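Protein sequence lines, in the order shown, are assigned to chains X and A. Per our numbering, the first sequence starts with residue 1, numbered consecutively. Per our numbering, the second sequence starts with residue 69, numbered consecutively. We treat Cβ as the ideally placed atom computed from N, Cα and C, and that holds for glycine. Remember, it's a predicted structure, so these values are computed and weren't measured experimentally. Report on the structure given below.
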Amino acid sequence: MKLDVFIERENKKEKVELPEGSTLKDLLTKLKINPVTVVISKNGEVVAEIAKIKDKDKIELLSVVSGG
Amino acid sequence: MCKTCKENPVIIIQGNKPLCKGCFMKYFEKKVFWTIRQYNLIDKKDIIAVGVSGGKDSLTLLYLLNKVLTPQKTKFFGLLIDEGIKGYRNITIEDAKKFCKENGIELKIISYKKEFGNTLDEMLKQKKINACALCGVLRRYLINKYARKYGATKIATGHNLDDEAQSILMNQLKGNMAFSAKLGPKTGVLTHDQFIPRIKPLYFLTEKETTTFSKLKNLPVTFIECPNHKDSFRDEVGKMLSNLEAKYPGTKQSVVNSLLQVLPSLAKQFKGQKIGTCKKCKEPAAKDLCKVCELLKR
Ligand code: SF4
Ligand SMILES: [Zn+2]
Ligand SMILES: [Zn+2]
Chain X
1 MKLDVFIERE
11 NKKEKVELPE
21 GSTLKDLLTK
31 LKINPVTVVI
41 SKNGEVVAEI
51 AKIKDKDKIE
61 LLSVVSGG
Chain A
69 MCKTCKENPV
79 IIIQGNKPLC
89 KGCFMKYFEK
99 KVFWTIRQYN
109 LIDKKDIIAV
119 GVSGGKDSLT
129 LLYLLNKVLT
139 PQKTKFFGLL
149 IDEGIKGYRN
159 ITIEDAKKFC
169 KENGIELKII
179 SYKKEFGNTL
189 DEMLKQKKIN
199 ACALCGVLRR
209 YLINKYARKY
219 GATKIATGHN
229 LDDEAQSILM
239 NQLKGNMAFS
249 AKLGPKTGVL
259 THDQFIPRIK
269 PLYFLTEKET
279 TTFSKLKNLP
289 VTFIECPNHK
299 DSFRDEVGKM
309 LSNLEAKYPG
319 TKQSVVNSLL
329 QVLPSLAKQF
339 KGQKIGTCKK
349 CKEPAAKDLC
359 KVCELLKR
């Protein structure tokens, strides 16, 4: 399946391909992002990394680090 | 599925407990209110200066304090320090103003420029110094000074579990145990009559939890980072802790628990430190001059 992923910290959009039945955790592993450091939204809803994803889901990764 | 109600989880807390939106919000608020009660952070008659940056932690704190303090008629106000960091603070200030206006909360703003003559950006151009080392000293100074001027009896800050675990480890790695004696959910008590005690109601919530809360509550937060934060020592320690946390859930909490266990004896050990008054500005100081007057050579 193909996904649009927006990585907020880098202000960057990425297209990612993953096998069917993957979870958000698989996506984070592929992107080398630690789940502890991001809040994930899937099609506009906040979800935990155990959620399954399907083709064309819109994923946003919001960094929880806010130094300052 | 959420452990309690079988809804879709928004977060997994403590490494193995998935919680849905409703259960997470309840868990979060309960934990903050528990911290306030357990550590006696707030007395009904207190006047609380809430340190506001406009970021997720401080707006979450302000939201929750508004929820507890307004019904019990405890006075509080927001206190924002404008360091003058372009592309960062000017944006979060607008968020803070918006939130305070919408919720009828008084917001006082104090700037480095007005108080010290230069913005942080300008100071950093003139001096070779670590941005956060300078910025932190100046901010703590102004928060204490103006909280006191405006009659506050406590200063509440949005420090979360990640911040605390980082501070503990940073002090350990640099051999600054005296600084760790000043940590904990309630600090600065009775060291100097000019010092306003500080409280940290978000002490036991992780940064991921505060971010999730502010997002689910739709607080007006622009998620940006101070340009000086990246590559700081704190940033590095934070990354290391998060890597450990992912592998060994509960690491951050354990670091904080270890400090809490030794804090009473640590505080005793470093109590001997005398706090005097700065010759120049009359604020509390460990030496003849306070750190601000020393750093700014004024
Ligand atoms: S990250 Fe450093 S420079 Fe930026 S606001 Fe925080 S202490 Fe100041
Ligand atoms: Zn639930
Ligand atoms: Zn001074």
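is_contact[residue i, chain X] using C-beta, thresh 8 Å
{"i": "A/V257", "result": "Low per-residue confidence applies at A/V257: pLDDT is 48, beneath 50, and the placement is therefore not dependable enough to give any value."}
{"i": "A/I79", "result": "yes"}
{"i": "A/G152", "result": "no"}
{"i": "A/S310", "result": "yes"}
{"i": "A/L273", "result": "no"}
{"i": "A/E190", "result": "no"}
{"i": "A/A199", "result": "no"}
{"i": "A/N76", "result": "yes"}
{"i": "A/F291", "result": "yes"}
{"i": "A/L284", "result": "yes"}
{"i": "A/E162", "result": "no"}
{"i": "A/G146", "result": "no"}
{"i": "A/G204", "result": "no"}
{"i": "A/T187", "result": "no"}
{"i": "A/T72", "result": "no"}
{"i": "A/E97", "result": "no"}
{"i": "A/P86", "result": "yes"}
{"i": "A/G119", "result": "no"}
{"i": "A/K276", "result": "yes"}
{"i": "A/K213", "result": "no"}
{"i": "A/K268", "result": "no"}
{"i": "A/K124", "result": "yes"}
{"i": "A/T128", "result": "no"}
{"i": "A/E304", "result": "no"}
{"i": "A/A314", "result": "yes"}
{"i": "A/T221", "result": "no"}
{"i": "A/K345", "result": "In the sequence under discussion, the amino acid at residue 345 of chain A is Thr, which differs from the Lys named in the question. No, A/T345 does not count as interfacial toward chain X."}
{"i": "A/T142", "result": "no"}
{"i": "A/T103", "result": "no"}
{"i": "A/T138", "result": "no"}
C-beta contact flag for residue i and residue j at 8 Å
{"i": "A/Q262", "j": "A/E183", "result": "no"}
{"i": "A/F60", "j": "A/L127", "result": "Outside the shown range of chain A (69 to 366) lies residue 60 of chain A, about which nothing can therefore be said."}
{"i": "A/R302", "j": "A/I264", "result": "no"}
{"i": "A/Y156", "j": "A/H227", "result": "no"}
{"i": "X/D4", "j": "X/I59", "result": "yes"}
{"i": "A/L287", "j": "A/Y131", "result": "yes"}
{"i": "A/E293", "j": "X/V65", "result": "yes"}
{"i": "A/T319", "j": "A/L327", "result": "no"}
{"i": "A/C346", "j": "A/A353", "result": "yes"}
{"i": "A/V323", "j": "A/L237", "result": "yes"}
{"i": "A/I161", "j": "A/N134", "result": "no"}
{"i": "A/P253", "j": "A/K276", "result": "no"}
{"i": "A/L229", "j": "A/V100", "result": "no"}
{"i": "X/E14", "j": "X/K2", "result": "no"}
{"i": "X/L61", "j": "A/F291", "result": "no"}
{"i": "A/A199", "j": "A/F338", "result": "no"}
{"i": "A/V360", "j": "A/Y214", "result": "no"}
{"i": "X/V38", "j": "A/S310", "result": "no"}
{"i": "A/K89", "j": "A/L284", "result": "yes"}
{"i": "A/T278", "j": "A/K124", "result": "yes"}
{"i": "A/F92", "j": "A/T280", "result": "yes"}
{"i": "A/P295", "j": "A/I153", "result": "yes"}
Residue i at chain A interface by Cβ criterion, 8 Å
{"i": "X/E8", "result": "yes"}
{"i": "X/K13", "result": "no"}
{"i": "X/V5", "result": "no"}
- Name the residues in the segment 41–64 of chain X whose C-beta lies less than 9 Å from a C-beta of chain A; which are they? Within the segment 41–64 of chain X, the residues whose Cβ lies closer than 9 Å to some Cβ of chain A are S41, E45, V46, V47, A48, E49, I50, A51, L62, S63 and V64, listed in chain order.
- Item | Within 9 Å of chain X by C-beta, residues of the segment 226–238 of chain A in sequence order | Taking 9 Å as the Cβ-Cβ cut-off against chain X, the residues of the segment 226–238 of chain A that qualify are D230.
- Message: Please list, in chain order, the residues of the segment 21–38 of chain X that have any C-beta partner in chain A closer than 7 Å.
- Response: For the segment 21–38 of chain X, the set of positions with a beta-carbon nearer than 7 Å to some beta-carbon of chain A reads N34, P35, V36 and T37 in chain order.
- Task: Could you say if the segment 110–118 of chain A and the segment 218–234 of chain A meet the contact criterion of at least three C-beta pairs nearer than 8 Å?
- Result: Yes, the segment 110–118 of chain A is in contact with the segment 218–234 of chain A.
- Message: With three or more C-beta pairs closer than 8 Å as the rule, is the segment 169–189 of chain A touching the segment 139–153 of chain A?
- Response: Yes: at least three Cβ pairs fall under 8 Å.
- Message: So, does the segment 44–59 of chain X touch the segment 15–31 of chain X, judging by three or more C-beta pairs under 8 Å?
- Response: Here the segment 44–59 of chain X makes contact with the segment 15–31 of chain X; the two share three or more CB pairs at distances below 8 Å.
- Would you call the segment 54–66 of chain X and the segment 106–113 of chain A in contact, with 3 or more CB pairs under 8 Å? Touching, no.
- Complete runs of the alpha helix (DSSP H) confined to the segment 282–360 of chain A [at least 4 residues]: With a minimum length of 4 residues, the continuous alpha helix (DSSP H) runs that stay inside the segment 282–360 of chain A are 301–315 and 319–337.
- Query: Quick check: the segment 185–193 of chain A against the segment 202–214 of chain A, are there 3 or more CB pairs under 8 Å?
  - Reply: Yes: the two stretches touch, three or more of their Cβ pairs being nearer than 8 Å.
- Query: If you pair each beta-carbon of the segment 30–48 of chain X with each one of the segment 71–89 of chain A, do three or more pairs fall below 8 Å?
  - Reply: Yes: the two stretches touch, three or more of their Cβ pairs being nearer than 8 Å.
- Query: Which full runs of the alpha helix (DSSP H) of 4+ residues lie inside the segment 165–235 of chain A, going along the chain?
  - Reply: Correct list: 180–184, 188–194 and 199–217.
- Counting only runs that start and end within the segment 90–134 of chain A, where is the beta strand (DSSP E) found for 3 or more residues in a row? Listed in chain order, the beta strand (DSSP E) elements of length 3 or more contained wholly in the segment 90–134 of chain A are 115–120.
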